[in-house]
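Take a look at the structure below.
In the working numbering, the protein residues as written are 9 to 114.
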């Protein structure tokens with residue numbers, strides 16, 4: 009096997025211009041960046057901007073609930089939702105922990 013050395017000075021300059029690896033320190037040269045949004049975030053943004061319908065924004069892998077149980081929390085407005093047994097249970101749980109939550113040191 010024969011190898012040749014490249015003695016071209018322009019080639020050596022190009023080799024020296026390689027990008028330096030990122031530093032792990034918190035110096036000003038190390039700029040942070042925001043990662044790309046995932047699919048769920050993209051669907052939500054499109055829904056928020058009225059670019060897609062609500063039914064298209066729902067995750068296709070989401071579990072569908074066809075029968076509402078007594079322990080389920082149902083979202084919505086009005087007395088029907090407020091009086092659902094799961095929602096009443098949730099409010100009782102929140103009330104039980106509210107004092108403890110507000111007494112925590114922050």
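Even glycine gets a Cβ: it sits at the ideal position worked out from N, Cα and C.
Nothing here was measured: the structure is a model prediction, and the numbers come from that model.
Cutoff 8 Å; reference residue i; Cβ partners in own chain excluding five residues on either side
i          : result
residue 56 : none
residue 91 : none
residue 45 : 53
Distance between residue j and residue i (C-alpha atoms, nearest Å)
i           : j           : result
residue 64  : residue 49  : 13 Å
residue 54  : residue 67  : 13 Å
residue 105 : residue 99  : 10 Å
residue 108 : residue 101 : 12 Å
residue 62  : residue 83  : 16 Å
residue 110 : residue 75  : 36 Å
residue 58  : residue 70  : 21 Å
residue 97  : residue 60  : 35 Å
residue 72  : residue 103 : 29 Å
residue 81  : residue 112 : 27 Å
residue 43  : residue 51  : 16 Å
residue 87  : residue 78  : 16 Å
Reduced DSSP category for residue i - H, G, I as helix; E, B as strand; rest coil
i          : result
residue 88 : helix
residue 47 : helix
Near the ligand FMN: residue i beta-carbon under 7 Å from a heavy atom
i          : result
residue 82 : Among the components of this structure there are no ligands whatsoever, and the ligand FMN is therefore not found.
Neighbourhood of residue i by C-beta, 6 Å cutoff - its chain only, sequence neighbours within 5 removed
i          : result
residue 85 : none
Sequence-distant residues of the same chain with beta carbon closer than 7 Å to residue i, five excluded per side
i          : result
residue 95 : 81, 82 and 89
For this session: For the segment 53 to 111, list the alpha helix (DSSP H) runs that are entirely contained and at least 4 residues long, ordered along the chain.
Result: Correct list: 62 to 65, 87 to 90 and 93 to 111.
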